[in-house]
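Protein chains in written order, with our numbering: chain R, 317 to 561; chain H, 19 to 658; chain A, 3 to 222.
Every residue gets a Cβ at the ideal spot worked out from N, C-alpha and C, and that includes glycine.
None of the values given here were measured: they were computed from a predicted structure.
Working notes, beginning with the structure itself.
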Amino acid sequence: MNINLKIWRQKDKKDKGRFKAYKLQNIDPNISFLEMLDILNNRLIKEKLEPVAFDHDCREGICGSCGFMINGQPHGPQKATTVCQLHMRSFNDEDEILLEPFRANSFKVVKDLSVDRTAFDRIISSGGFVSVDTGKAEEANSTVIEKSNADEAFLSAACIGCGACVAACKNSSAMLFTAAKVSQFTLLPQGEPEQKERVQSMVATMDEEGFGACTNTGACSAECPKEISQENIARLNREFIKSQL
Amino acid sequence: MNDLNLNSKTPTGDLHTAWTRHKDFLEKLSKEEANKYKIIIIGTGLAGASAAATLAEKGFNVDAFSYHESPRRAHSIAAQGGINAAKNYKHDGDSTMRLFYDTIKGGDFRSREENVYRLAETSVNIIDQCVAQGVPFAREYGGLLDNRSFGGVQVSRTFYARGQTGQQLLLGAYSALSRQLKTEKVRFFPRHDMLDVVLVDGKAKGVVTRNLLNGEIKAHQADAVILATGGYGNVYYLSTNAMASNVTANWRAHRKGALFANPSFTQIHPTCIPVKNNFQSKLTLMSESLRNDGRVWVPKQKNDKRKPNEIPEQERDYYLERIYPAFGNLVPRDVASRRAKEVCDNGQGVGPTGFAVYLDFKHVIQNKGEGYVREKYGNLFDMYQNIADENPYKTPMKIYPAVHYTMGGLWVDYNLMTTIPGLFSIGESNFSDHGANRLGASALMQGLADGYFIVPHTITDYLSKEKPGNQDTANSEVFKNAVNKTEKDINKIMNIKGDMVVDEIHRELGKVVWDKVGMSRNSRGLKEALDIIPKIKEKFWNNVFIPGSKNDYNQELEKALRLKDFIELAELMAFDALDRNESCGAHFREEFQTKENEAKRNDIEFMYVAAWKYNADGKPNLFKEDLKYKHVKLKTRSYK
Amino acid sequence: MSIFRILTSSIGKKVLMAITGLLLSFFMVFHLFGNLFLFVSEQAFNSYVEKLNYFKPLVRVAEFFLLLFVFSHAYTGISLWWSNRKAKQKSGSYSKTNTSQAARTASITGSFVFIFLITHWATFWYKFNFEHPESYYQVVLGNEVGFGNPFFSVFYIVAIALLGYHLKHGFLSAGQTLGIKGTKYEKIYVGVSSLFWLWIPLGFISIPLWFGFIKQVVSP
Chain R
317 MNINLKIWRQ KDKKDKGRFK AYKLQNIDPN ISFLEMLDIL NNRLIKEKLE
367 PVAFDHDCRE GICGSCGFMI NGQPHGPQKA TTVCQLHMRS FNDEDEILLE
417 PFRANSFKVV KDLSVDRTAF DRIISSGGFV SVDTGKAEEA NSTVIEKSNA
467 DEAFLSAACI GCGACVAACK NSSAMLFTAA KVSQFTLLPQ GEPEQKERVQ
517 SMVATMDEEG FGACTNTGAC SAECPKEISQ ENIARLNREF IKSQL
Chain H
19 MNDLNLNSKT PTGDLHTAWT RHKDFLEKLS KEEANKYKII IIGTGLAGAS
69 AAATLAEKGF NVDAFSYHES PRRAHSIAAQ GGINAAKNYK HDGDSTMRLF
119 YDTIKGGDFR SREENVYRLA ETSVNIIDQC VAQGVPFARE YGGLLDNRSF
169 GGVQVSRTFY ARGQTGQQLL LGAYSALSRQ LKTEKVRFFP RHDMLDVVLV
219 DGKAKGVVTR NLLNGEIKAH QADAVILATG GYGNVYYLST NAMASNVTAN
269 WRAHRKGALF ANPSFTQIHP TCIPVKNNFQ SKLTLMSESL RNDGRVWVPK
319 QKNDKRKPNE IPEQERDYYL ERIYPAFGNL VPRDVASRRA KEVCDNGQGV
369 GPTGFAVYLD FKHVIQNKGE GYVREKYGNL FDMYQNIADE NPYKTPMKIY
419 PAVHYTMGGL WVDYNLMTTI PGLFSIGESN FSDHGANRLG ASALMQGLAD
469 GYFIVPHTIT DYLSKEKPGN QDTANSEVFK NAVNKTEKDI NKIMNIKGDM
519 VVDEIHRELG KVVWDKVGMS RNSRGLKEAL DIIPKIKEKF WNNVFIPGSK
569 NDYNQELEKA LRLKDFIELA ELMAFDALDR NESCGAHFRE EFQTKENEAK
619 RNDIEFMYVA AWKYNADGKP NLFKEDLKYK HVKLKTRSYK
Chain A
3 MSIFRILTSS IGKKVLMAIT GLLLSFFMVF HLFGNLFLFV SEQAFNSYVE
53 KLNYFKPLVR VAEFFLLLFV FSHAYTGISL WWSNRKAKQK SGSYSKTNTS
103 QAARTASITG SFVFIFLITH WATFWYKFNF EHPESYYQVV LGNEVGFGNP
153 FFSVFYIVAI ALLGYHLKHG FLSAGQTLGI KGTKYEKIYV GVSSLFWLWI
203 PLGFISIPLW FGFIKQVVSP
C-alpha cells in the first residue's frame, strides 16, 4: 500500500515546528505502525537527513513510551491499542496520515513526536505510594482482600502512564491518570492510612503542573489504550470531597 | 593480572542459615553515617528502583540514572507471567529447599548453591513487601493470594497479576522510589546513558553519563556504583527485549576490568510470536503460563499445508507430551525451545515460513469454557490477535522461540560486587542465580531480591570500610580524563560519515549471532562467527552514518554507541560458547548430545563459571570459578 | 482551609460548579410549575403570581441565592475555561471524535444562557417586580416583551434549547464530579437526567410555541 504522511517536525523545545509531507510506497499492511516509521527513518538517513524522533521501547504496548496523535487521535484509530501495537492494516491505500505530538502545555515537545511526560512522575511522587519501608511488611496473607476489589484495583493499576488521556482531553487534564493511581489505593486496605493526604497532595500537584481541569467529556477513557474507566475519576472526586469534609 | 583470584566469598557451613550468618557479620551504618555517602545506581527497573528506594530508606544519598524518561518504562514492565515464592500457600509440598532445588536443577547445575538458596529464602519476603505496597496480585474468591504453576516445576508457587505481573511489580518498586524522590534522598536523572565507570585507586568512584536530550557529557562522583542495567538479548537484533535494552553500561565496566561471566548463556523463550517479515523490529513474547493450558503440536506429516483445524487428532504430533510424559508441555524453556527448533528443522513447522509450531487451546476451551481462558489469559489472547491478525480462541496460536533473557552477565561475588571494588551488579545484569537456564517467573524474583533485600546489606558493609568522598572530586583529573575520552569516542563515531544505517549493521550482527551462537551451536559455526564478527566491527567503524548533531536528541547516535558494544560482546559470546565443550541448559553444543538429543553435560571438566577478562587485543582471558555442590546431588536433568 | 481549597483546586471548582448547576436545575422544576399555569387560565396564572408576592421576603432570599448560584457557576466556569485554555497548547489537537458536541460547546452555550438570563431579568422579572402590571398573564403573552412578539419568542425558544443542550452535558457532568458513577445512585441519576435536559426545557419551550405560534394558527 502507499501512504501519504504529514509529520510534525520540531527540532527542539524552542523551535516553532511545522508539518512536513512524506510519501511511502509499497508498504506491507502487516507491519506495525512504528515499523513503517522505521522504514521512513531508514530512507531519511540514507538521504543524509534527520530521522523523525519518536519515543518507543517495549513495542508490546506496556511500557507507555510510545504515543503521538494520528489523525487527531492519540495512538491512532484502533480502540484500546498503543501506537506500537497498531498495524498498517488499520489504514487504506493512499490514506493521508497526520502525525503530531501529544499537545499539552505540561508535555513540552522534546523533538518531533517526542514529548516530556515527567510531570506524571511528579504527580506520583507527591503521594502515589504506600509508605512502607523495605522489610517492614507483614505476612502477605494476613490481610484478606475481596477478590472483586483486588481485581478492580488491578484494572486501575493497569495504567501505563502514556499520556494519551491528557492528549485526548480538550483541557489537557490529567484527571484519569491521577484518578487511576488514587483508585488503586482506595480499593486496597494498604492505601487507607494515607488516603486523605494522598488525594489532596496528588490533586494539588496535578494542578500545579499546569494540567487543565476535568470537564467530564470522557474522551480520556475512550482513547485510553488500557481502557481505564471513568469510574476512577468519579472515585477520585468522591475521595477528594471526603478528604475536605 | 592473570593471577586474579575469583573469591566468591560464599559463606560455608549449613546452607539454611548461611545468609543470616553472613548478614550478621556484615558491617552496618546508622542513618546519620549513611547520610555521608553517595551511591550511583544505573538503571531503574525492578532491581535498580528497589535498590534505590531501600538504600534511601537506610539513609544513603542516591543518584539514579535511566535512559528512559521515567523509571516506570523499564523493561521489567513487560514480564507477563509471574513471580515465584516459596510460600507454600497451596500446601502442595513447596518449601524454600524445593524452590532452591528447582532453580539449581533448572539452571542445569551451573549456579552457586549459596546464591540460589538465598534467592529462594528471600522470595517470601518479596511477596510480603509487594502486597504491603499495594501491588494488586490475583486473589482467590476467599480473598487470599492466588498461585499458578509455571514451566519446569510441579508445584504451584507463582504469584501473578493477570498477564502483567512485571508491570505491577515495577510500579510497586517505582512507587517506593517515588516516595524517596519526595524526600529528595534520591535524585533521578532521566534520559541519561552511562558511558563509563570512573575508577580511583582501582575502586569505582563515579560514572560518566551522556544526557540524551542535549548530548552533555558529565562526570558524577559517588562512593559506590550499582549497575542494574538488565540483559543484553538485543545483541541478536531481534529479541523480546525492549528496543533500547543494551549492554553498554556493563560492557564499559567490563572494559574497565569487571569480569563478564558466562556470556553465551542466553535463554531462548519457547512461546513467542514468529518472525513475519524483514522489517520486523522486535519479537513479542506470549507468557509461558500459556503452556499450563495450551498444548503444543505440529502436523506429523512434513510440509503439511492444511489449516490447523483440518488436521485430525491422529495426524497431530503433540511432541512435548510424547517425549516428556511427566512434564509434557511444562518442560523448561530451553528444552521446549530446542524441541520446537528440531521439529521445524525436520520440516514439520507451520505458518508461511515453516518456523512455527501450534499452541492449541481447543481442549481447555472444550473442557472449561472460553470464560475460563479469557479470565486467565484474556490480555495475552488480545495481544496475539492484534499482532497475528488471527483469533486464538478459534484457531491455534503459532509460536516460535525467541531470545528472551541472558543468564550471563557481570561476574559478582556473594555480595553482588564485581571484580572492581565498589562496583555492584544486580538483577539480570549480573550472572549470579540462574546458571545455564532460568526458570519461568524467576527473573522478577531475582531483581527484587537483589534490590530490596541483598545489595542494601552488602553495599553498606563495603561502604563502612570506605571514607566518604566529596562532590568536588568530580572535577579532578581522573574524572576530566574520563569525560574527555568519552567525548573523543563520540566524535570518532560522528566523523565516520559512511553510508550505512546503524540498524542495517545491527541486523547483520544479529543474524550471525542467532545462526551461530543461538539455540544450538557447534564449533565450526562458532569459529565462523569469530571470523565474521570482526568484519562487522570493521564495517561499523568504516561505514556507519550518524545524522544530526551530537548535542541534540539523537536516537541514531544512541543506537550506534550501543551497537559498538554489542559487536564486541558478540565476539566474547562466541569465545565463551566455543570454550564450553559440553551442553548445559540453554547452551546446546551439537557435538555434545545424547542419543535422544538431550543435552550432555560434562561435570568433570566444565563445572565452572567462565569469567572473562577484557583485553584490548581482542583476546579475552578466561578465569574459572569452580562450582561445588554440597547440598544437592548432581543429576542429569530429566523431565520425562 | 476547605473554602480556600475549593476555590483554588480544580476539583473544588468543579464541585462548586456541579452543586450550583444542580441547584439551578432543580429551580427550573419549580419555575416551570408556575409557568404551566399559563395554560390553565389568565386568572390562575395571575393568582399564582400574587400568591408568590405574598411570600415576598422568602422569595427575595431565594432570589438572592439563585443569583449567587448563577454568578458562582459562571465565575467558576470562566475560571476553568481560562485555565483549561492555558493547559492546552494553542490550537492543540485533541480527540474530537470522542468529545461530544455538547461537551465541547458547554462554555459557549453557557455564555448564551447567561445573556438570556440578563434579558429575562430585564424584562419579565423587572416588570413583575417593579411595574405591578394589572395582569401578569398579559405581560408574558403581550407584544412588548412577551410571546406576542415573534422575535422574542424565537429568542426564547433558542435560548431554552441551548440551555437544554448545556444541561445535556452539564447534568451528567455534575453527577460525575460528585462521584455518582459506580455507586448505587448512578442508575437513578442517569434515569432522571433526560428530565432536566429534555423534558423540562421542552416544557418551557411549549409556552412560546403554543401562545406565540400554534395558537395563532389554530384559534386566532
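In its chain, beyond the 5 residues on either side, M317, N318 have a beta carbon closer than 8 Å to the beta carbon of N342 (chain R). Any Cβ of chain R closer than 8 Å to the Cβ of L162 (chain H) would place that residue at the interface, and such an atom is present. Residue contact with chain A for C530 (chain R): present (Cβ-Cβ distance below 8 Å to some residue of chain A). Here W201 (chain A) is exposed. Its C-beta has fewer than 16 other C-beta atoms within 10 Å. For I323 (chain R), the enclosing beta strand (DSSP E) starts and ends at 319-325. In the three-state scheme derived from DSSP, where H, G and I count as helix and E and B as strand, E416 (chain R) is classed as strand. Distances from the CA of G636 (chain H) to each of H:R655, H:A629, H:F593, H:K646 were compared; the closest alpha carbon is that of H:F593. With contacts defined by Cβ atoms closer than 8 Å, Q98 (chain H) and Q186 (chain H) do not form a contacting pair. By the neighbour-count criterion, in which a residue is buried when 16 or more other Cβ atoms sit within 10 angstroms of its Cβ, T247 (chain H) is buried. Judged by their CB atoms, P281 (chain H) and L590 (chain H) are nearer to each other than the 8 Å cut-off.
Beta-bridge pairing by DSSP links L217 (chain H) to H:A222. H372 (chain R) has a beta carbon lying within less than 8 Å of a beta carbon in chain H. For K427 (chain R), the number of other beta carbons within 10 angstroms of its own is at least 16, and it is reported as buried. By a beta-carbon distance limit of 8 Å, E643 (chain H) does not contact F624 (chain H). Their separation comes to about 12 Å.
Secondary structure of A76 (chain A) (DSSP, three-state): helix. Excluding the 5 residues flanking it on each side, N409 (chain H) has same chain C-beta neighbours closer than 6 Å at Q403, in chain order.
W123 (chain A) carries a helical assignment under DSSP once its states are collapsed to helix, strand and coil. Listed in chain order, the positions of the segment 79-90 of chain A with a beta carbon within less than 7 Å of a beta carbon of chain R are L82, S85, N86, K88, A89, K90. By the CB criterion at 8 Å, T121 (chain H) and V134 (chain H) fall inside the cutoff. Residue-level contact check: T502 (chain R) does not touch chain H, since none of the beta carbons of chain H fall below 8 Å from its beta carbon. Between the segment 421-436 of chain H and the segment 253-271 of chain H, the count of Cβ pairs shorter than 8 Å is three or higher; the stretches touch. Closer than 8 Å at the C-beta level to chain A, one finds no residue of the segment 343-375 of chain R. When secondary structure is reduced to three states using DSSP, A150 (chain H) falls in the helix class.
Sequence-distant partners of N106 (chain H) (beyond 5 residues in either direction) whose C-beta falls short of 7 Å from its own C-beta, in its chain, are D112, S113. Each residue's CA atom was taken as its position, placing N86 (chain A) and S109 (chain A) some 11 Å apart.
Excluding its 5 nearest sequence neighbours in each direction, K568 (chain H) has C-beta neighbours in its own chain below 7 Å: G233, I508, M512, L575, listed in chain order. Contact between Y480 (chain H) and G440 (chain H) holds, since their C-beta atoms are separated by about 6 Å, short of 8 Å. For a Cβ distance threshold of 9 Å, nothing in chain R lies close to H210 (chain H): the least Cβ distance comes to about 13 Å. Taking a contact to require three or more Cβ pairs closer than 8 Å, the segment 345-355 of chain R and the segment 58-67 of chain H do not qualify as touching. It is roughly 25 Å from the alpha-carbon of S489 (chain R) to the alpha-carbon of I95 (chain H). Per the Cβ contact rule, the segment 489-504 of chain R is not in contact with the segment 399-406 of chain R (fewer than 3 Cβ pairs under 8 Å).
Here Q611 (chain H) is bridged, per DSSP, to H:A617. Shown here, I58 (chain H) sits in a strand according to DSSP, grouped into three states. Scanning chain A for C-beta atoms nearer than 8 Å to the C-beta of T450 (chain R) yields nothing, as the closest lies near 33 Å away. Taking Q103 (chain A) as reference, the option from A:S12, A:K170, A:L26 with the minimal CA-CA separation is A:K170. The residues Y657, in chain order, have a CB closer than 7 Å to that of F345 (chain H) in the same chain once the five nearest residues on each side in sequence are set aside.
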